[in-house]
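Novice: Have a look at this one.
Protein chains: 2
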Amino acid sequence: MPTNPPSEWEAARDDFVAQWGALGSHWGINRTMAQIHALLMTAPEPMYTDEIMEKLQISRGNANTNLRELVGWGLIQIIHRKGERKEFFQAEKDVWKMVVTIARERKRREIMPALEVLKSCAERTKTESSAPGREFYHQMKELQEFVEFGIKVSDTISSMKHASALQWAMKLLG
Amino acid sequence: MPTNPPSEWEAARDDFVAQWGALGSHWGINRTMAQIHALLMTAPEPMYTDEIMEKLQISRGNANTNLRELVGWGLIQIIHRKGERKEFFQAEKDVWKMVVTIARERKRREIMPALEVLKSCAERTKTESSAPGREFYHQMKELQEFVEFGIKVSDTISSMKHASALQWAMKLLG
DNA sequence: TTGTGGTTTCAGATAGTTCTGAAAGAACGA
DNA sequence: TCGTTCTTTCAGAACTATCTGAAACCACAA
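Quick note, the sequences are listed as chains A and B, same order.
Quick note on the working numbering: the first sequence kicks off at 1 and runs consecutively.
Quick note on the working numbering: the second sequence kicks off at 1001 and runs consecutively.
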C-alpha cells in the first residue's frame, strides 16, 4: 500500500501535533494525551483507535488509556456510527469551549485540593502568638484569598458566551 | 544537638511546602524547585544553602541547581550579608508580584514559542485549496488569534498595580 | 455455543527526569 | 602563596512517569 506524499496542510498538522504535545508536557499534561488531542482537533473526520495508533506510532494500550483520559476531561467525545461496531472519537473544535473545559477540570483536580490545604494551614495557625507564626498565618490567609478570588473571576468568565467575554476583554484593553 | 518540638506553625508550614511541591509537579515545575520556593516564601529570615538542604533533606547539588533556577525565574533573590561570605536567599512575598513574575516567565518560555508554531502553521497553509486544508488553516488562525488576545489581556492585567487589578475584578464580579 | 471484531487491563520494559556526591573551581583573608 | 569557606558542575544512580504488548474481556451475530 503506497502512501501518498503528504499535502502541505498535513505536514503543518504534524508540526502542530508535536508542538501541542511539548506544550502539554510543560504544563503537566502527558505528552501523548496532548498529541492525541491535537490530532483529533485537526481531524476532518472522527477517528478510531487504529488510525490514531498508526498516525502517532503508539501502542494500543497507550492510545486507549489516553483516549479514555481525554473523554474523562470532557475534551473529546465518543461517536457510534450506525452499522459500525468500533468507537470513533471527535474533539471539541471550538477554542472557547475547549479552554473553559480545561479550566473547569484543572480547578476541580488541582486548585480545589490546594485551596483546602491553604485553608487548613490558616485555620491551624489562627491563634499562633509568635511573630513568625502570625506572619505565616497572614501569608496563608492572603494566598487563600487570592486563590478564592481567582476562582471567582475564572468562574465568571467561564460562564460567559465567547462573544460576551470578547466584548468584556476589549473594554479592558481599550 | 537536641531539636525542639516543632511549633504548630512549623508543622503547618511543612504541609504547605509539601502541597506546593505537589502542585508544582502537576504544572510542569520540578517538585524540589517548588518546595524550595514554598520554604523561602514562608521563611521569617533569608536562608542559606545548608539550611535548605537540611530542612528538605536534599543534596547540595540539587539545592544549588534549583536555587539558581529560581533566581533565573526571578522568584527569589540572592542576599549578601556584610561580613558573611555565604549567599542567603529570600523569596518575594507579595502574592501579586509573584503571580505576575510567573506569568511573564511562562509567556516567555512556553507561550511565545508555541505561538510562533501556530503562526507558521497558518502561514504555510494560507493558500491550501482542499476543504480539509482550508479548515485546518482557519483553525490555526483562530487559535493564533485566541492566544494573541490572551497575551494582551495578561499583559494588561500584569501591568496593573494589585489594587487596580482588584478593583477591576470587583467590577467584573459585581 | 462459537467466532469475530473490538476494548480494557496491567505486569514488566523503557525512557525521561531528577538527584546525589564528590571533585573542581572561585573568592577571599592571612 | 596557602588554607578556608563556599559555590558550581556533572557522571552516574535512583526514581518516576509513561508505554508496550499480550492476555483477558465483552458484545454481538451466525
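Here a beta-carbon is modelled for each residue, glycine too, at the ideal position from N, C-alpha and C.
In the DSSP assignment, the beta strand (DSSP E) including B:GLU1087 goes from what residue to what residue?
Specialist: Counting along the chain, the beta strand (DSSP E) containing B:GLU1087 begins and ends at 1087–1091.
Novice: Cβ of B:ARG1124 less than 8 Å from any chain A Cβ?
Specialist: Yes, contact with chain A.
Novice: Among A:MET41, A:SER164, A:TYR137 and A:ILE157, whose alpha-carbon lies nearest the alpha-carbon of A:MET117?
Specialist: Before going further, note that residue 117 of chain A is Val rather than Met in the sequence given. Of A:MET41, A:SER164, A:TYR137 and A:ILE157, the residue nearest in Cα terms is A:TYR137.
Novice: Does the beta-carbon of A:HIS80 have 16 or more other beta-carbons within 10 angstroms, so that it is buried, or is it exposed?
Specialist: Exposed.
Novice: Between A:VAL153 and chain B, is the shortest Cβ-Cβ distance under 8 Å, so that the two count as touching?
Specialist: By this cut-off, A:VAL153 is an interface position.
Novice: Taking just the CA atoms, how far does B:THR1127 sit from B:LYS1119?
Specialist: Near 14 Å, if we compare the C-alpha coordinates of B:THR1127 and B:LYS1119.
Novice: Can you tell which of A:ILE29, A:THR32, A:VAL17 and A:GLN57 has its C-alpha closest to the C-alpha of A:LEU39?
Specialist: Ranking the options by Cα distance to A:LEU39, first place goes to A:VAL17.
Novice: The alpha helix (DSSP H) spanning B:ILE1079 covers which residue range?
Specialist: No alpha helix (DSSP H) holds B:ILE1079; the beta strand (DSSP E) holding it covers 1076–1080.
Novice: Flag this pair as touching only if the segment 1019–1029 of chain B and the segment 22–39 of chain A have three or more C-beta atom pairs under 8 Å; answer yes or no.
Specialist: Judged by Cβ distances under 8 Å, the segment 1019–1029 of chain B makes contact with the segment 22–39 of chain A, as three or more pairs qualify.
Novice: Below 9 Å on C-beta distance, what does A:PHE136 contact in chain B?
Specialist: Those are TRP1009, GLU1010, ALA1012, ARG1013, PHE1016, THR1042 and PRO1044, listed as they occur along chain B.
Novice: Consult DSSP for B:MET1160 and reduce its assignment to one of helix, strand or coil.
Specialist: In the structure shown, B:MET1160 sits in coil (DSSP, three-state: anything other than H, G, I, E or B).
Novice: Since A:SER25 is in the alpha helix (DSSP H), which residue starts that stretch and which ends it?
Specialist: 8–26 is the extent of the alpha helix (DSSP H) around A:SER25.
Novice: What in chain B is Cβ-close to A:VAL117, meaning under 8 Å?
Specialist: Simply ASP1015, PHE1016 and GLN1019.
Novice: Look at A:ILE151 and A:LYS107 and say whether their C-beta atoms are less than 8 Å apart.
Specialist: A contact, by the Cβ cut-off of 8 Å.
Novice: Check the DSSP bridge columns for B:MET1047 and list the partner residues they point to.
Specialist: In the DSSP output, where bridge partners are listed per residue, B:MET1047 has B:PHE1089.
Novice: Under 8 Å between the Cβ atoms of A:ALA34 and A:GLY21?
Specialist: Result yes, Cβ atoms of A:ALA34 and A:GLY21 sit closer than 8 Å.
Novice: If the cut is a Cβ gap below 8 Å, which residues of chain A does B:PRO1132 touch?
Specialist: By Cβ distance, chain A contributes TRP9 and PRO44.
Novice: Look at the Cβ atom of A:THR101, then the Cβ atom of A:GLY72, and state whether they are nearer than 8 Å.
Specialist: Not closer than 8 Å, so no.
Novice: Can you pull the chain A residues whose beta carbon is under 8 Å from the beta carbon of B:GLU1110, in chain order?
Specialist: Ordered by position in chain A, the residues that pass the 8 Å Cβ test against B:GLU1110 are LEU23, HIS26 and TRP27.
Novice: Can you give me the start and stop residues for the alpha helix (DSSP H) that A:LYS119 sits inside?
Specialist: Where A:LYS119 is concerned, the enclosing alpha helix (DSSP H) stretches over 112–124.
Novice: Between B:LEU1143 and the rest of its own chain, which residues show a CB-CB distance below 6 Å, the 5 nearest in sequence each way excluded?
Specialist: Around B:LEU1143: LEU1118.
Novice: In chain B, which residues lie with their C-beta within 8 Å of the C-beta of A:PHE88?
Specialist: Residues of chain B passing the Cβ test: none, with the nearest at roughly 17 Å.
Novice: Could you spell out the range, first to last residue, of the alpha helix (DSSP H) harbouring B:GLU1128?
Specialist: Taken as a continuous stretch (DSSP letters only), B:GLU1128 belongs to no alpha helix (DSSP H), as it is neither H nor E.
Novice: Skipping 5 residues on each side, what residues in its chain have a beta carbon closer than 8 Å to that of A:GLU87?
Specialist: TYR48, THR49, ILE78, ILE79 and HIS80, listed in sequence order.
Novice: Can you find a C-beta in chain A that's less than 8 Å from the C-beta of B:ALA1063?
Specialist: Cβ-Cβ to chain A under 8 Å: no for B:ALA1063.
Novice: Can you give me the Cβ contacts of B:LEU1115 inside the same chain, cut-off strictly under 8 Å, excluding the 5 residues immediately before and after it?
Specialist: Cβ neighbours of B:LEU1115 beyond the five flanking positions: GLN1144, VAL1147, GLU1148 and ILE1151.
Novice: In this structure, how does DSSP classify B:GLU1145 when only helix, strand and coil are distinguished?
Specialist: In this structure, B:GLU1145 counts as helix in the three-state DSSP scheme.
Novice: Using three-state DSSP, classify A:ASP155 as helix, strand or coil.
Specialist: Of the three classes helix, strand and coil, the one that applies to A:ASP155 here is helix, per DSSP.
Novice: Using 8 Å for Cβ pairs, my map puts B:VAL1153 next to A:LEU70. What's the rounded Cβ distance?
Specialist: Incorrect: roughly 27 Å between the Cβ atoms, too far for contact.
Novice: Does the CB of A:ALA169 have a neighbour CB from chain B at under 8 Å?
Specialist: Chain B contact via Cβ: present.
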